[in-house]
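S.K.:
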Amino acid sequence: MGVKLKIKIKWERILGLIIISAALFYFYEHMVSVTSVDAFVNADVRNVYAPLFGHLKTNDLKPGQSFKRDELLFEVNNQYIGGVWIYSDYYNLQYRIGLLEMEIAEDQISVKKYEDDLERNEKLREVGGVAEETVKEIRYKLNVLNSGIESKKSQLSYLKESFQKLAAQLELYKKAIVHAPVNGVVWSVYRKDGEYVEAGSIVLQIIDKDNIWVDAFFDEKEAKYLSPGYVVTVIDDVHHKEWQGKISFSRPGQFLKDQHAPNDGVARPKRKEEKGLIAVRIEPIWTKVFSSKEFYGYGEKVTVKIQKYPFGRHE
457 MGVKLKIKIK WERILGLIII SAALFYFYEH MVSVTSVDAF VNADVRNVYA PLFGHLKTND
517 LKPGQSFKRD ELLFEVNNQY IGGVWIYSDY YNLQYRIGLL EMEIAEDQIS VKKYEDDLER
577 NEKLREVGGV AEETVKEIRY KLNVLNSGIE SKKSQLSYLK ESFQKLAAQL ELYKKAIVHA
637 PVNGVVWSVY RKDGEYVEAG SIVLQIIDKD NIWVDAFFDE KEAKYLSPGY VVTVIDDVHH
697 KEWQGKISFS RPGQFLKDQH APNDGVARPK RKEEKGLIAV RIEPIWTKVF SSKEFYGYGE
757 KVTVKIQKYP FGRHE
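Below, the structure is given as structure tokens:
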């Protein structure tokens, strides 16, 4: 009888300790700290597009590959440049340049002929062999011809400059090299190596490793603990990671809506499961927490905890 009584008292003590521990845990969780309703790691995901139409050379890009800014991502090669409008303009300019050069050459031959005629007639005028009007007419035609040559040379210079610019543009239509816009890791690949792509079509997405943050949502009643600069703790239970961050800004008026409520635009009373939330952005100061193989944590669900005053602190 005495042994049973001792065992009963022992279990009552253990049960009491469990209840006290649970109460202390509840007190810590709800009285000492504030916990997010929902939170996840977010990032700046850049879309990378094909600058022209053609065939891709990607060297088998795959999600998870890391790249440094300005490192080669892929090439686009256009083997059908003849179908581009700029191609006809290119040959049209080339033809006009050749024609103008030929005209200038012919005019220069005529100039030499008029110069010889002018020199001969000036000598004849001195001995009275030709009239002064004849010499003036030859000199006038020579001046007109020289003026025309100078005008054509100016036009030729302009056409050659236009031709060079067009040739440079034509090279851009033949081949384009695309570099990484940021330091990061490939998130998704939409096109395969050797595939034909249209200009402006998305080829891949890359996560900017230098622009990672956490978006967290808190109950609106905790607004006073969500001021910018407040230090928080971010917890990833799945990967057993924990780090500190800092509130960048908070934005009220966000709501977690009942997923089963019909989206028909009809006003309805707020349901019990629909809570007013405040969106909070946590500054990205943890780029080394996740590796590139983990996509820097992008999309990972986490928990954000904030210590209440007087336990909390600002940076």
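So the sequence shown is numbered by the numbering used here: it starts at 457 and just counts up by one.
Don't be surprised by glycine CBs; every beta carbon is placed ideally from N, CA and C.
1. Compare the C-alpha of Gly-685 against each of Lys-609, Val-736 and Glu-654 and name the closest.
2. Which first and last residues belong to the beta strand (DSSP E) in which Asn-534 is found?
3. Taking the alpha-carbon positions, what's the Gly-640 to Phe-496 distance?
4. Figure out for me which residue from Ile-594, Arg-525 and His-695 has the closest Cα to the Cα of Val-642.
5. How big is the Cα-Cα spacing for Val-760 and Glu-527?
6. What span of residues does the beta strand (DSSP E) with Gly-510 cover, start to end?
7. Can you give the beta carbon distance from Ile-734 to Phe-673, rounded, assuming they're within the 8 Å contact cut?
8. If you check the beta carbons only, do Ala-499 and Ile-738 fall under 8 Å apart?
9. Please return the same chain residues whose Cβ sits closer than 8 Å to the Cβ of Arg-595, not counting the five positions on each side in sequence.
10. With 8 Å as the threshold, decide whether the Cβ of Tyr-546 is near any Cβ in chain D.
11. Tell me which same chain residues have a C-beta within less than 7 Å of the C-beta of Phe-746, skipping the five on either side of it?
12. Whole-angstrom Cβ separation of Leu-601 and Ser-566, contact assumed at under 8 Å?
13. I'd like to check one pair, Gly-604 with Asp-563: are the Cβ atoms closer than 8 Å?
14. What whole-angstrom Cβ distance do Val-670 and Val-690 have, given they're in contact under 8 Å?
15. Using a Cβ-Cβ cutoff of less than 6 Å, which residues in the same chain neighbour Asp-693 once the five nearest sequence positions on both sides are dropped?
16. Taking the straight line between their C-alpha atoms, what separation do you get for Thr-547 and Ile-553?
17. For Gly-755, is the classification buried or exposed, using 16 other Cβ atoms within 10 angstroms of its Cβ as the cut-off for buried?
18. Can you tell me where the beta strand (DSSP E) with Gly-755 in it begins and where it stops?
19. Where does Tyr-681 fall in DSSP's three states?
20. As a quick exercise: from Val-490, Thr-491, Ser-492 and Val-501, pick the residue whose alpha carbon is nearest that of Asp-666.
21. Mapping the DSSP letters down to three states, classify Gln-521 as helix, strand or coil.
22. Where Tyr-652 and Ala-506 are concerned, what is the direct C-alpha to C-alpha distance, given to the nearest angstrom?
23. Let me make sure I understand the geometry here. Which of Glu-582, Asn-534 and Lys-579 has the alpha-carbon closest to that of Leu-626?
24. From the DSSP output, in three-state form, read off Glu-578 for me.
25. Can the beta-carbon of Val-490 be found closer than 8 Å to that of Ile-762?
M.R.: Based on what the coordinates show:
1. Here residue 685 refers to the residue found at position 229 of the sequence shown. When each option's Cα is compared against that of Gly-685, the closest is Val-736.
2. Reading the sequence shown from its first residue, position 78 is the one you call residue 534. Taken as a continuous stretch (DSSP letters only), Asn-534 belongs to no beta strand (DSSP E), as it is neither H nor E.
3. Looking up residue 640 in the sequence shown gives position 184. Looking up residue 496 in the sequence shown gives position 40. Their backbone Cα atoms lie some 19 Å apart in a straight line.
4. Here residue 642 refers to the residue found at position 186 of the sequence shown. It is Arg-525 whose Cα lies nearest to the Cα of Val-642.
5. In the sequence shown, the residue the question calls residue 760 occupies position 304. In the sequence shown, the residue the question calls residue 527 occupies position 71. The straight-line gap from Cα to Cα measures roughly 35 Å.
6. Numbered from 1 along the sequence shown, position 54 holds the residue referred to as residue 510. Residues 510-513.
7. In the sequence shown, the residue the question calls residue 734 occupies position 278. In the sequence shown, the residue the question calls residue 673 occupies position 217. Confirmed, Cβ separation roughly 7 Å.
8. Along the sequence shown, read from residue 1 onward, the residue named residue 499 stands at position 43. Along the sequence shown, read from residue 1 onward, the residue named residue 738 stands at position 282. Contact: no.
9. Taking the first residue of the sequence shown as 1, we reach residue 595 at position 139. Excluding residues within five positions, the ones whose Cβ falls inside 8 Å are Leu-574.
10. Protein chain content of the structure displayed is limited to a single chain, and chain D is not contained in it.
11. Within the sequence shown, residue 746 is the residue found at index 290, counting from 1. Taken in chain order, the residues that qualify are Tyr-752 and Gly-753.
12. Working through the sequence shown from its first residue, we reach residue 601 at position 145. Working through the sequence shown from its first residue, we reach residue 566 at position 110. Contact holds; Cβ gap of about 6 Å.
13. Here residue 563 is taken as the residue at index 107 of the sequence shown, counted from 1. Here residue 604 is taken as the residue at index 148 of the sequence shown, counted from 1. Their beta carbons are under 8 Å apart, which means Asp-563 touches Gly-604 by this criterion.
14. For this step, residue 670 is matched to residue 214 along the sequence shown. For this step, residue 690 is matched to residue 234 along the sequence shown. Right, their Cβ atoms sit about 6 Å apart.
15. Taking the first residue of the sequence shown as position 1, residue 693 is located at position 237. Cβ neighbours of Asp-693 beyond the five flanking positions: none.
16. Counting from one through the sequence shown, the residue named residue 547 turns up at place 91. Counting from one through the sequence shown, the residue named residue 553 turns up at place 97. Reading the sequence as shown, one finds Tyr at residue 547 and not Thr. Those two C-alpha atoms are separated by around 10 Å.
17. Along the sequence shown, read from residue 1 onward, the residue named residue 755 stands at position 299. Result: exposed.
18. Along the sequence shown, read from residue 1 onward, the residue named residue 755 stands at position 299. That residue, Gly-755, is in no beta strand (DSSP E); it is neither H nor E in DSSP.
19. In the sequence shown, the residue the question calls residue 681 occupies position 225. Correct three-state label for Tyr-681: helix.
20. For this step, residue 666 is matched to residue 210 along the sequence shown. Out of Val-490, Thr-491, Ser-492 and Val-501, Val-501 has the C-alpha closest to the C-alpha of Asp-666.
21. The residue you call residue 521 lines up with position 65 of the sequence shown. If DSSP states are grouped into helix, strand and coil, Gln-521 belongs with coil.
22. Taking the first residue of the sequence shown as position 1, residue 652 is located at position 196. Taking the first residue of the sequence shown as position 1, residue 506 is located at position 50. Each residue's Cα considered, the two are about 10 Å apart.
23. The residue labelled residue 626 in the question sits at position 170 within the sequence shown. Nearest C-alpha to Leu-626: Asn-534.
24. Indexing the sequence shown from 1 puts residue 578 at position 122. Helix.
25. Along the sequence shown, one-based indexing puts residue 490 at 34. Along the sequence shown, one-based indexing puts residue 762 at 306. In this structure, Ile-762 lies closer than 8 Å to Val-490 by Cβ.
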